[in-house]
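The number in my numbering is simply the position in the sequence shown, starting from 1, with 20 added. From the three backbone atoms N, C-alpha and C, an ideal C-beta is built for every residue, glycine too. Remember, it's a predicted structure, so these values are computed and weren't measured experimentally. Report on one structure; see the data block that follows.
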Amino acid sequence: QNQTIVTKTVDTERKNMKVFGQDVEVLLAMWANIVSWFVTTFFPSYLPKLVPPCEFEVNADDDDVSSSSSLDLTKCISIGHAGGLEQLRIVRLRKGIVTKGYNVKDGSPFIDEKELPPDCIILKNHAFSVNYADCAIRWGLYESAKQYVGWPICPGFDVAGVVETVGSECHNLKVGDHVFGCSLFGAYSSRVMIPEIQLRKIPTNSSGSDMLTFAQAASLPAVALTALYALMLGGHYPTPAPPSLNKAILIHSCAGGVGSMLVRMSKLLGLGPVVGVVGRTSKVEAAKALGCDVVIDKQSLSTTKEDLWQAIKEAASPYSNYKTVMDANGVSTLQESYNHLCPTGRVVVFGFHSNLPLGIAALSPWQWIGMAQRASKLPKFDPMDMVTSNKAVLGFNLSFFSEEKELVTQMLDEIVETWIKGGKLPCPRITEMEMERIGEAHELIMSGQSVGKIVLTI
21 QNQTIVTKTV DTERKNMKVF GQDVEVLLAM WANIVSWFVT TFFPSYLPKL VPPCEFEVNA
81 DDDDVSSSSS LDLTKCISIG HAGGLEQLRI VRLRKGIVTK GYNVKDGSPF IDEKELPPDC
141 IILKNHAFSV NYADCAIRWG LYESAKQYVG WPICPGFDVA GVVETVGSEC HNLKVGDHVF
201 GCSLFGAYSS RVMIPEIQLR KIPTNSSGSD MLTFAQAASL PAVALTALYA LMLGGHYPTP
261 APPSLNKAIL IHSCAGGVGS MLVRMSKLLG LGPVVGVVGR TSKVEAAKAL GCDVVIDKQS
321 LSTTKEDLWQ AIKEAASPYS NYKTVMDANG VSTLQESYNH LCPTGRVVVF GFHSNLPLGI
381 AALSPWQWIG MAQRASKLPK FDPMDMVTSN KAVLGFNLSF FSEEKELVTQ MLDEIVETWI
441 KGGKLPCPRI TEMEMERIGE AHELIMSGQS VGKIVLTI
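Shown next as structure tokens:
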């Protein structure tokens with residue numbers, strides 16, 4: 021126990037260290053990624069040597085593996101430290117060990133099932149989704165993962181499966197229930213320990229059958245919660261704005277997971293025109309099917325040399341600008357998103373995808389230089405100008421919401437009880453893969469070519 025306390029103290033001190041004004045954890049991540057890139061490029065046969073073992077995994081000659089009960093062992097994806105796709109290791113954990121989020125006891129990603137807190141359940145997980153944040157976690161660039169977990173980490177937020185064990189204070193779920201919800205990391209796993217409050221039963225139809233498959237259910241929680249909270253910050257939920265006010269909303273990357281939820285929820289909340297932006301012509305029809313009133317195709321505009329922001333401004337008609345802009349792009353659009361707000365308008369920021377390289381698994385030195393340059397170009401907003409122009413910029417990251425239990429409960433209930441059960445909120449388009457294709461899934465989401473959600477089944 022004393023050794024654990026000392027280790028945690030050292031880790032905390034290291035996380036607070038600065039070298040040349042930079043977070044030492046980022047510098048270590050940069051070095052690990054550069055080594056990964058170098059070995060991948062020049063000596064790929066040595067990649068396995070970059071992957072550290074997982075402390076809780078079983079060895080091939082262990083009794084647990086050789087016994088008939090080996091299928092009951094937790095299978096998860098463990099990332100030993102920052103790097104490329106080689107760090108995505110599928111491992112079997114020792115008997116009785118499951119994964120968990122950082123808000124269950126300490127920040128370790130692994131725990132003995134015997135330590136089940138009274139308000140938690142153990143889920144036999146059948147599906148989890150892949151989010152772009154998972155790539156940032158693997159690179160060592162995701163702040164909440166750095167703060168609350170460190171290395172190793174089992175990433176992932178969305179789960180869907182069957183309740184296997186319930187804590188003594190769990191009253192809403194029972195063994196055998198089909199459920200879905202969110203974990204604060206730990207979802208890339210066949211068995212996950214999760215607080216009951218973060219799960220909901222999969223709705224059933226009149227015949228008692230599930231309305232959603234496990235894969236469909238796993239596609240929803242993180243993107244739906246992100247979209248709904250973004251709309252809350254935009255001033256459209258839970259109390260809609262008066263009908264006389266500007267309700268134009270601009271949604272960047274509208275064909276992605278969060279973007280598709282934002283489009284559908286905006287229509288449910290009576291906003292309009294709902295203007296969606298896509299990066300590829302191949303995504304236009306998908307965006308229209310979601311319900312966008314206008315779709316702006318950046319690839320087509322680039323070909324015809326038309327001005328993107330002029331097209332965006334014209335799409336706001338009958339208004340001159342937008343009440344709300346949803347921006348997960350970062351440096352490439354953030355300033356112009358702000359410029360295209362009407363008075364009392366709000367930009368809601370929940371990502372910085374354009375700050376990061378597209379389609380790159382291992383980050384080379386040149387990628388790090390590019391990221392630093394792009395970060396230096398992020399706009400800075402003058403508070404005095406924001407006051408006089410009556411505009412606002414708001415940002416959030418749901419992975420820091422471990423203490424916001426009442427808020428998350430309210431949003432989950434709205435999503436499940438009102439919209440999903442009522443048939444108002446369809447699932448995003450799903451690309452379904454097996455867990456063993458995790459590397460391919462990361463490559464696909466990094467490529468920018470995916471539409472909707474990528475879901476892996478176990």
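Exposed is the label assigned to Ser337, since fewer than 16 other Cβ atoms lie within 10 Å of its Cβ.
CA-CA distance, Pro72 to Gly100, rounds to 6 Å. Within its own chain, the residues whose Cβ lies closer than 7 Å to the Cβ of Pro260, once the five positions on either side in sequence are excluded, are Leu289, Gly290, listed in chain order. According to the DSSP assignment, Asp178 belongs to the beta strand (DSSP E) that extends over 178-186. Cα atoms of Gly371 and Ser280: separation of roughly 15 Å, rounded to the nearest angstrom.
Three or more beta-carbon pairs separated by less than 8 Å link the region 193-213 to the region 175-185, which places the two stretches in contact. For the pair Pro363 and Asn410, the CB atoms are nearer than the 8 Å cut-off. Counting only residues of its own chain and dropping the five nearest sequence neighbours on each side, Ile316 has a CB closer than 8 Å to the CB of Val295, Gly296, Val297, Val298, Leu328, Ala331, Ile332, Ala335. In this chain, the alpha helix (DSSP H) harbouring Arg158 covers 152-159. A direct Cα-to-Cα measurement between Val169 and Gly121 gives close to 9 Å.
Taking C-beta atoms as the reference points, Asn349 and His373 count as a pair closer than 8 Å. With respect to the 8 Å criterion, Phe416 and Tyr249 are classified as neighbours on the basis of their beta carbons. Buried is the label assigned to Leu282, since at least 16 other Cβ atoms lie within 10 Å of its Cβ.
In this chain, Val169 is not harboured by any beta strand (DSSP E), its DSSP state being neither H nor E. Rounded to whole angstroms, the separation of the alpha carbons of Ser65 and Thr438 is 53 Å. The closest CA to that of Pro258, considering only Phe58, Asp43, Asn53, Glu434, is found on Glu434.
Nearest to Gly472 by C-alpha distance, out of Asp139, Tyr358, Val278, is Val278.
The residue among Lys221, Cys312, Ser210, Ile389 with its C-alpha nearest the C-alpha of Ser98 is Ser210.
The way I'd put it, the region 129-140 does touch the region 178-196; three or more beta-carbon pairs between them come closer than 8 Å. Secondary structure of Ile440 (DSSP, three-state): helix. Glu135 sits in a helix when the DSSP states are folded into three classes.
Following the DSSP letters along the chain, one finds Asp317 inside the beta strand (DSSP E) bounded by residues 314-317. One Cα belongs to Glu184, the other to Ala52, and the distance between them is close to 38 Å. In terms of CA proximity to Tyr152, Ile380 leads the group Pro403, Val407, Ile380, Ala395. In this structure, the CA atom of Pro446 is about 27 Å from the CA atom of Met213. Between the C-alpha atoms of Gly390 and Leu47 there is a straight-line separation of about 15 Å.
In the three-state reduction of the DSSP assignment, Ala412 falls in the strand class. Cβ neighbours of Gly104 within its own chain (closer than 6 Å, five residues either side excluded): Ser56, Thr60, Ala381, Ala382. Comparing C-alpha distances from Ser149 to each of Thr323, Ser419, Glu454 shows the shortest one belongs to Glu454. Residue Gly459 holds the alpha-carbon nearest to the alpha-carbon of Glu106 among Gly468, Gln167, Gly459. In this structure, the beta-carbon distance from Gly201 to Val182 does not fall below 8 Å. DSSP lists Gly181 as the beta-bridge partner residues of Asn145. As computed with DSSP, Pro215 is found in a beta bridge with Cys140. Assignment of beta-bridge partners to Leu113 by DSSP yields Glu77.
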